[in-house]
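*Asks:*
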Amino acid sequence: MRFENDTIAAISTPVGQGGIGIVRISGPLSFDIADRIFRSQKAGPPSAARHASLLYGHIINPSDNSILDEALLAVMRSPNSYTKEDVV
1 MRFENDTIAA ISTPVGQGGI GIVRISGPLS FDIADRIFRS QKAGPPSAAR
51 HASLLYGHII NPSDNSILDE ALLAVMRSPN SYTKEDVV
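Structural data, given as structure tokens:
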């Protein structure tokens, strides 16, 4: 089985209690997913952001647009990320 074209979302913070949590989305659908769940009043959609940008906004529930949490979203575009993939 080959997984080169998969998009992966994974928790990147250690197990336990903490003040922040990090979720990494990596692969060809990263920006499609981020555009559906992240809203920023000033920055616009993640797919329009430049490489190496950090956006402030909120994670939303796409089914009803309710705010779930406050967030910073980092944008790394391929091939200039560590994995050579789009990463948010």
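For the sequence shown, this note's numbering begins at 1 and goes up steadily by one. Just so it is clear, CB atoms sit at the ideal spot from N, CA and C, and this is done for glycine as well. Keep in mind that this is a model prediction, so the values were computed, not measured.
(1) From what residue to what residue does the alpha helix (DSSP H) around Ser-30 run?
(2) Would you identify the three-state DSSP class for Ala-71, choosing helix, strand or coil?
(3) Do you know how far the Cα of Ile-20 is from the Cα of Asp-69?
(4) Would you decide whether Gly-57 is buried or exposed? Buried here means 16 or more other CB atoms lie within 10 Å of its CB.
(5) Grouping DSSP H, G and I as helix and E and B as strand, with all else coil, what is Ser-53?
*Replies:* Looking at the coordinates:
(1) By one-based count along the sequence shown, residue 30 stands at place 30. Where Ser-30 is concerned, the enclosing alpha helix (DSSP H) stretches over 30-37.
(2) Indexing the sequence shown from 1 puts residue 71 at position 71. Of the three classes helix, strand and coil, the one that applies to Ala-71 here is strand, per DSSP.
(3) Residue 69 sits at position 69 when you count from the first residue of the sequence shown. Residue 20 sits at position 20 when you count from the first residue of the sequence shown. For Asp-69 and Ile-20, the distance between alpha carbons rounds to 11 Å.
(4) The sequence position of residue 57 within the sequence shown is 57, counting from 1. Under this definition Gly-57 is a buried residue.
(5) Mapped onto the sequence shown, residue 53 falls at position 53. Of the three classes helix, strand and coil, the one that applies to Ser-53 here is strand, per DSSP.
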